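Participant: The listed protein sequences derive, respectively, from chains D and U.
UniProt numbering numbers the first residue of the first sequence as 1 and each following residue consecutively.
UniProt numbering numbers the first residue of the second sequence as 1 and each following residue consecutively.
The beta-carbon is built from N, C-alpha and C at its ideal position, and this holds for glycine as well.
Computed from a predicted model, the values in this text were never measured in an experiment.
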Amino acid sequence: MRLMSRTPLQRARRAAESVTDPELPMLTLLDLGVLRDVDVVGDSHVVVDITPTYSGCPAMAAMRDDLVRELRGAGFDRVDVRVCLDPAWTTDWITPEGRAALAAAGISPPGPAPSSDGPIPLTLLPTARQVRCPQCESPATELVSEFGSTACKAQYRCTSCLEPFDHVKEI
Amino acid sequence: MHTTPEDEHDSAYSGLLVNDAHWAFGAAPVPDGHGEDPLAGVDTTIPDGVDAATLATYALMLGDDALVMSHRLSEWTSNAPDLEDDIALSNISLDLLGQARLLLARAAKADASVVPVLPEGSPVPPEDALAFFREAQDFRNVRLAELVNGDFAEATVRVLLFSTWRLAIFERLRASRDHVLAAVAAKGVKELAYHRDYSARWFVTLAQGTDESRRRLLAALDLLWPLWPELFDTHAFEAAAAAAGVGVDPTSVREAAEGVLEQVLAAADVPRPEAPRRVGVLGRTGRDGMHGEPLGRMLAEMQSVARAHPLGQW
Chain D
1 MRLMSRTPLQ RARRAAESVT DPELPMLTLL DLGVLRDVDV VGDSHVVVDI
51 TPTYSGCPAM AAMRDDLVRE LRGAGFDRVD VRVCLDPAWT TDWITPEGRA
101 ALAAAGISPP GPAPSSDGPI PLTLLPTARQ VRCPQCESPA TELVSEFGST
151 ACKAQYRCTS CLEPFDHVKE I
Chain U
1 MHTTPEDEHD SAYSGLLVND AHWAFGAAPV PDGHGEDPLA GVDTTIPDGV
51 DAATLATYAL MLGDDALVMS HRLSEWTSNA PDLEDDIALS NISLDLLGQA
101 RLLLARAAKA DASVVPVLPE GSPVPPEDAL AFFREAQDFR NVRLAELVNG
151 DFAEATVRVL LFSTWRLAIF ERLRASRDHV LAAVAAKGVK ELAYHRDYSA
201 RWFVTLAQGT DESRRRLLAA LDLLWPLWPE LFDTHAFEAA AAAAGVGVDP
251 TSVREAAEGV LEQVLAAADV PRPEAPRRVG VLGRTGRDGM HGEPLGRMLA
301 EMQSVARAHP LGQW
């Protein structure tokens with residue numbers, strides 16, 4: 001497609017979809033499932049919906065700033081970034097491209113998210129996951145901690161190659 | 001410094017030389033300077049037939065629980081027994097701070113009269129005004145959240161009691177007629193389930209560990225148990241919010257929360273404590289703004305810098 005033939009919506013989408021996560025820079029906000037919608041509502045006015053991964057995610061302000069800067073750079077004078085709290089973000093929204101990018105960067109991608117309808121049963125044993133080492137692909141891995149370097153990750157260790165690594169926890 | 005336009009274009013620092021002054025102690029601004037609203041774009045219309053003051057006070061109660069608990073947990077940063085648990089407690093603190101920010105913002109949007117009045121031209125956003133410029137007696141948190149930190153067993157028991165109760169509330173709050181509260185709850189249940197399960201596992205581990213770890217765990221449980229019943233008291237605002245379909249009556253989740261706690265106690269082989277509840281002062285407890293002295297000290301530390309510079313920008 002020639003540059004000139006793109007519609008404003010296509011330009012806006014392309015710009016918004018190029019923005020990466022400030023803490024997982026190998027992932028775009030689209031790949032992460034944080035970018036929920038992009039809409040052009042008037043001459044050079046674009047509205048973007050994003051959803052936080054966690055309630056206290058400190059990266060939200062940076063994401064907002066990055067979206068505004070990219071879209072202004074793409075010729076949109078007015079950029080409104082709206083917060084979409086419902087439905088709540090789930091790791092199931094991370095795209096196949098996003099999962100591949102995480103693994104390539106040494107971060108184990110999440111498995112399917114558990115259902116969060118109804119009462120959530122207590123689990124006293126560590127969450128059972130089939131986690132492969134992103135370095136050597138060994139399935140022999142052990143949980144170090146359910147909480148990791150950011151709100152969205154748990155810490156694992158590979159018992160084959162002994163490397164520690166992050167795992168994006170399923171929510 | 002004088003530069004030609006070409007130099008400005010080439011300078012890596014040129015982007016920093018813009019007037020983006022903002023409130024010095026809160027969230028970063030958006031570039032066009034109208035402040036970062038955590039509820040930007042969220043439908044904050046008050047549902048039909050709901051009293052604004054009721055909704056605002058109810059949101060403040062849930063927000064203050066999270067804010068005070070978050071601050072106490074943040075005091076663990078760099079003090080936990082090991083790095084993993086330091087990170088875990090910090091993560092739990094961060095989740096609760098996020099919930100607090102949304103809930104205090106919701107309270108301010110529902111009824112602006114709950115927000116402390118600051119000098120003209122103050123850059124402080126409403127949720128920060130609520131956090132940093134209210135006195136202890138204006139906080140509506142349950143007293144369990146505000147106690148001075150003890151040892152790691154005490155943190156374990158406190159997080160277990162708090163998150164078991166709050167998760168039971170949030171599971172029902174997902175059906176709130178208020179879109180914001182429902183959305184905060186839908187997100188919060190996922191976070192709180194992690195907090196609860198983390199603390200429940202440590203509860204069992206400490207109870208089944210060494211004599212010393214079990215002794216400390218039982219002492220912590222005895223210390224905190226008298227404040228457990230307060231979590232299920234129904235304050236007039238909670239009753240009104242529940243009747244209006246926006247809130248949850250804490251009494252209605254007691255059975256569910258007790259059921260979860262029984263599972264943990266059974267797995268840990270710990271008998272249910274029998275200590276009587278801690279009574280309020282003339283019947284007033286945390287929800288009424290009646291707090292212990294430790295909350296005043298905690299707020300003094302948390303609020304002092306912001307209060308010294310209500311117009312602070314950087």
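Would you mind sorting Gly-33(D) into buried or exposed? The rule is 16 or more other CB atoms within 10 Å of its CB.
Facilitator: buried
Participant: Does the beta-carbon of Asp-166(D) have 16 or more other beta-carbons within 10 angstroms, so that it is buried, or is it exposed?
Facilitator: buried
Participant: Name, please, each residue of chain D whose Cβ falls closer than 9 Å to the Cβ of His-179(U).
Facilitator: Leu-85, Asp-86
Participant: Which word fits Val-38(D), buried or exposed, when buried means at least 16 other C-beta atoms lie within 10 angstroms of its C-beta?
Facilitator: buried
Participant: Considering only the alpha carbon of each residue, which of Thr-45(U), Ala-105(U), Ala-186(U), Ala-219(U) lies closest to Ala-155(U)?
Facilitator: When each option's Cα is compared against that of Ala-155(U), the closest is Ala-219(U).
Participant: Which residue wins for smallest C-alpha separation from Glu-23(D), given the options Arg-11(D), Ser-160(D), Ala-128(D), Ile-107(D)?
Facilitator: Its Cα nearest to that of Glu-23(D), the residue Ile-107(D) stands out among Arg-11(D), Ser-160(D), Ala-128(D), Ile-107(D).
Participant: Can you give me the start and stop residues for the beta strand (DSSP E) that Ser-145(D) sits inside?
Facilitator: 141-145
Participant: Pop quiz: Ala-131(U) and Asp-65(U) are said to be a contact at Cβ under 8 Å. What is the actual Cβ separation, rounded to whole angstroms?
Facilitator: Ala-131(U) to Asp-65(U), Cβ: 13 Å. No contact.
Participant: Who does Trp-23(U) pair with in a DSSP beta bridge?
Facilitator: Gln-313(U)
Participant: Can you pull the DSSP bridge partners for Asp-166(D)?
Facilitator: Bridge partners of Asp-166(D): Ile-107(D), Gln-155(D).
Participant: Between Ala-99(U) and chain D, is there a C-beta pair that is closer than 9 Å?
Facilitator: Per the sequence presented here, residue 99(U) reads as Gln, with Ala not at that position. So, interface residue.
Participant: Name, please, each residue of chain U whose Cβ falls closer than 8 Å to the Cβ of Cys-136(D).
Facilitator: Within 8 Å Cβ-Cβ: nothing; Cys-136(D) doesn't reach chain U, min ~23 Å.
Participant: Using only alpha-carbon positions, find the residue among Thr-77(U), Ser-122(U), Tyr-58(U) that is nearest to Ala-308(U).
Facilitator: Relative to the Cα of Ala-308(U), the nearest Cα in the group Thr-77(U), Ser-122(U), Tyr-58(U) belongs to Ser-122(U).
Participant: Helix, strand or coil for Ile-50(D)? Go by DSSP, reduced to three states.
Facilitator: strand
Participant: Going by the beta-carbon positions, is the gap between Val-142(U) and Leu-221(U) smaller than 9 Å?
Facilitator: Going by beta carbons, Val-142(U) and Leu-221(U) fall outside the 9 Å limit.
Participant: Identify every residue that forms a DSSP beta bridge with Thr-20(D).
Facilitator: Thr-28(D)
Participant: Can you have a look at Pro-119(U) and say buried or exposed, based on whether 16 or more other CB atoms are within 10 angstroms of its CB?
Facilitator: exposed
Participant: Using CA coordinates, which residue listed in Gln-130(D), Gly-111(D), Ser-55(D) is at the minimum distance from Thr-95(D)?
Facilitator: Gly-111(D)
Participant: Using a Cβ-Cβ cutoff of 9 Å, what residues of the segment 55-71 of chain D are near chain U? List them in chain order.
Facilitator: Ser-55, Gly-56, Cys-57, Pro-58, Met-60, Ala-61, Ala-62, Arg-64, Asp-65, Val-68, Arg-69
Participant: Per the DSSP calculation, Gly-245(U) is bridged to which residue(s)?
Facilitator: Looking at the DSSP assignment, Gly-245(U) forms no beta bridge with any residue, so it has no partner.
Participant: Using the three-state DSSP reduction, which class does Arg-201(U) fall into: helix, strand or coil?
Facilitator: helix
Participant: Apart from the five residues on each side of it in sequence, which residues of its chain come closer than 6 Å, Cβ to Cβ, to Asn-79(U)?
Facilitator: Excluding five sequence positions before and after Asn-79(U), none of the CB atoms of its chain fall closer than 6 Å to its own CB.
Participant: Mind listing the chain U neighbours of Thr-123(D)? Cutoff is C-beta to C-beta under 7 Å, in chain order.
Facilitator: Asp-197
Participant: Applying the criterion that 16 or more other CB atoms from any shown protein chain within 10 Å of the CB defines a buried residue, is Leu-67(D) buried or exposed?
Facilitator: buried
Participant: Leaving aside the five residues before and after Ala-256(U) along the sequence, list all residues of the same chain whose C-beta is less than 6 Å from its C-beta, in chain order.
Facilitator: Ala-168
Participant: Using 8 Å as the Cβ pair cut-off and three pairs as the minimum, do the segment 47-55 of chain D and the segment 185-195 of chain U touch?
Facilitator: yes
Participant: Just to confirm the assignment, what range does the beta strand (DSSP E) spanning Gly-209(U) have?
Facilitator: Counting along the chain, Gly-209(U) falls outside any beta strand (DSSP E), and DSSP gives it neither H nor E.
Participant: At a Cβ cut of 9 Å, what residues of the UniProt domain "PaaD zinc beta ribbon" (125-169) of chain D count as close to chain U, listed as they run along the chain?
Facilitator: The UniProt domain "PaaD zinc beta ribbon" (125-169) of chain D vs chain U, Cβ under 9 Å: Leu-125, Pro-126, Thr-127, Val-144, Ser-145, Glu-146, Phe-147, Gly-148, Ser-149, Thr-150, Ala-151, Gln-155, Lys-169.
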